[in-house]
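Data block below; observations after.
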Amino acid sequence: MKYMSTRGGVRGIPFKDAVMMGLADDGGLLVPESLPDVGKRLADWRGLGYTDFAKALLPLFIDDIDSRTLDRLIDEAYATFSEKDVVRFVEAGDVSVLELFHGPTLAFKDVALQLLGGLFAHILAERGGHLNIIGATSGDTGSAAIAGVMGRPGVDIFILFPLGRVSPLQELQMTTVPDANVHCIAIEGSFDDCQSIVKTIFGDLAFKQGYSLGAVNSVNWARVLAQVVYYGYASLRFSEPPSFCVPTGNFGNVFAGYVASRMGFPIRKLVLATNENDILARFFHSGEYTRGEVRQTHSPAMDIQVASNFERYLFYWFGGNPQKVSDFMDVFSRTGRASVGRIPDDPLIVATAVSNRETEEAIRSVHDRCGYVADPHTAVGLMAASRHPELRPMVCVGTAHPAKFPEVVDAVLKPGSAVHPALERLRGRPARRTILPADVEAVKAFVRTRAGH
Ligand SMILES: *Cc1c(COP(=O)(O)O)cnc(C)c1O
198 MKYMSTRGGV RGIPFKDAVM MGLADDGGLL VPESLPDVGK RLADWRGLGY TDFAKALLPL
258 FIDDIDSRTL DRLIDEAYAT FSEKDVVRFV EAGDVSVLEL FHGPTLAFKD VALQLLGGLF
318 AHILAERGGH LNIIGATSGD TGSAAIAGVM GRPGVDIFIL FPLGRVSPLQ ELQMTTVPDA
378 NVHCIAIEGS FDDCQSIVKT IFGDLAFKQG YSLGAVNSVN WARVLAQVVY YGYASLRFSE
438 PPSFCVPTGN FGNVFAGYVA SRMGFPIRKL VLATNENDIL ARFFHSGEYT RGEVRQTHSP
498 AMDIQVASNF ERYLFYWFGG NPQKVSDFMD VFSRTGRASV GRIPDDPLIV ATAVSNRETE
558 EAIRSVHDRC GYVADPHTAV GLMAASRHPE LRPMVCVGTA HPAKFPEVVD AVLKPGSAVH
618 PALERLRGRP ARRTILPADV EAVKAFVRTR AGH
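Each number in this note's numbering comes from the position in the sequence shown (counting from 1) with 197 added on.
Structural data, given as structure tokens:
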């Protein structure tokens, strides 16, 4: 399988190069040049366990890693999960919650980042060289990215977060990691400051190349690919095609479901659930994609302004026409607003936005009805799922363990409703972080002294 850019400037890229490239060199996102059709294999694949299913599916997209190595990378990635079959289905009333958060940091991002960490290490070992990953986080992504690469040879990771503005548990998940290749930087500023510092550093091409900087953000194709697995796997557990309800921020998760459907897995609908940051819900209702102000909500991992994976969806919506994608993204980046000219009418996707109050209501309701404790992100999905009773069977994608967000869950239910031993163990562990001013030069100077070669 070869990969191409959604903007058409890059083609014929093998998988391993696509992983190392992240963002395509023409500014677009990488997508497979074609999508494999799995229709004929479904019967054989029903009944496989999660990792065996992953070993059957991933080679359709990865033909430049031999199968023994790929199998080993898959086994290693998912051996870190506490759930024997990686994911867990829990019935909550008339929906099944597909819990994806049984990995090391208790959020669904582990499913992709555990595999991506192994892929990076494998490719670097083969090709030589060193990768210095730099990213900014407001919580979830940082800890999952760190857990994906901690202790791996050939990789250092620098994670910037706003000092005093990350939840205490999420900060401990990053700063208590003892491995020497992990560098946590608390910035005296906001999350936006962190992001803009990272962006500026990546814009300094000499620095970027000199220090072999890489990113682990959700535009990496390998992350989407790892997520296609659970949609395919879950879709084969039902006797009729299920719908999936997906708490959505950057569109990575729901886009993986879209790919699974296009490959022929039996999926009836995807319910795209946003919080009050509803740029995507507005797009699916109007065809207009308009940048707004970011609002802080109960589901911070979905507090986004612009959904980085949306461009991949546009590529398919425009029938694979890179020119149309380029034009749309060009207008959007110049004006903060672009339109496809009509209501998108995607037969697969229905979109809906959920307020903070409704998120609280969903946490309370599913607890009262079923005794299930949902985290605020999953609760956004549960509320959205309840608006579509006609879509059953319904799988609601569970994206984080509730103990990661005790502030909201405990306030709605009662104190102590959401605990997890792995998080409790972090309290009192030695923590390491470097405090730096919100200044690009200060961060660069720090990277210079710590970066591996
Ligand atoms: C990242 C994240 C999301 C959003 O996923 P996208 O792929 O960005 O749409 C939802 N819930 C949790 C807990 C997350 O960490």
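We put the beta carbon where it would ideally sit given N, CA and C, even for glycine.
- Looking at the DSSP output, residue 441 bridges to 467, 592.
- Note that the C-beta distance between residue 288 and residue 315 is not below 8 Å.
- Residue 321 sits away from residue 271, with the two beta carbons spaced by 8 Å or more.
- Measuring C-alpha to C-alpha distances from residue 504 to each of 297, 495, 491 identifies 491 as the nearest.
- With contacts defined as CB atoms closer than 8 Å, residue 442 and residue 582 qualify as a contacting pair.
- With respect to residue 354, residue 343 sits close: the two C-beta atoms are nearer than 8 Å.
- In the three-state DSSP reduction, residue 286 falls in the strand class (E or B).
- Shown here for residue 397: same chain residues with a beta carbon closer than 6 Å to its own, the five before and five after excluded, namely 637 in chain order.
- Straight-line measurement puts the Cα of residue 547 at about 15 Å from the Cα of residue 446.
- Cβ neighbours of residue 252 within its own chain (closer than 6 Å, five residues either side excluded): 268, 271.
- Between the segment 360-380 and the segment 622-630, the count of C-beta pairs closer than 8 Å reaches three or more; the two stretches touch.
- For the 8 Å CB-CB criterion, residue 345 and residue 371 do not form a contact.
- When the beta-carbon positions are compared, residue 459 and residue 232 come within less than 8 Å of each other.
- Excluding five sequence positions before and after residue 282, the CB atoms of its chain that fall closer than 7 Å to its own CB belong to 246, 247, given in chain order.
- Under the DSSP assignment, residue 632 falls in the beta strand (DSSP E) whose first and last residues are 631-634.
- Residue 216 holds the alpha-carbon nearest to the alpha-carbon of residue 318 among 497, 574, 216.
- Rounded to the nearest angstrom, the gap between the Cα atoms of residue 303 and residue 545 is 29 Å.
- For a cut-off of 8 Å, the C-beta gap from residue 592 to residue 383 is around 38 Å, too long to register as a contact.
- Boundaries of the beta strand (DSSP E) around residue 329: 328-333.
- Taken through DSSP and simplified to helix, strand or coil, residue 542 comes out as coil.
- A straight-line Cα-Cα distance of about 37 Å links residue 574 and residue 642.
- When secondary structure is reduced to three states using DSSP, residue 263 falls in the coil class, being assigned neither helix nor strand.
- Looking at 496, 475, 481, 499, the one whose alpha-carbon comes closest to that of residue 488 is 475.
- In the DSSP assignment, residue 199 falls within the beta strand (DSSP E) that extends over 199-202.
- In this structure, ligand 1 has a non-hydrogen atom nearer than 7 Å to the beta-carbon of residue 447.
- For residue 574, the shortest C-beta to heavy atom distance toward ligand 1 is below 7 Å.
- If you draw a 10 Å sphere on the C-beta of residue 406, you find fewer than 16 other C-beta atoms in it, and that means exposed.
- By the criterion of at least three beta-carbon pairs nearer than 8 Å, the segment 518-533 is not in contact with the segment 600-612.
- If you draw a straight line from the Cα of residue 457 to the Cα of residue 594, it comes to about 15 Å.
- Rounded to the nearest angstrom, the gap between the Cα atoms of residue 225 and residue 469 is 23 Å.
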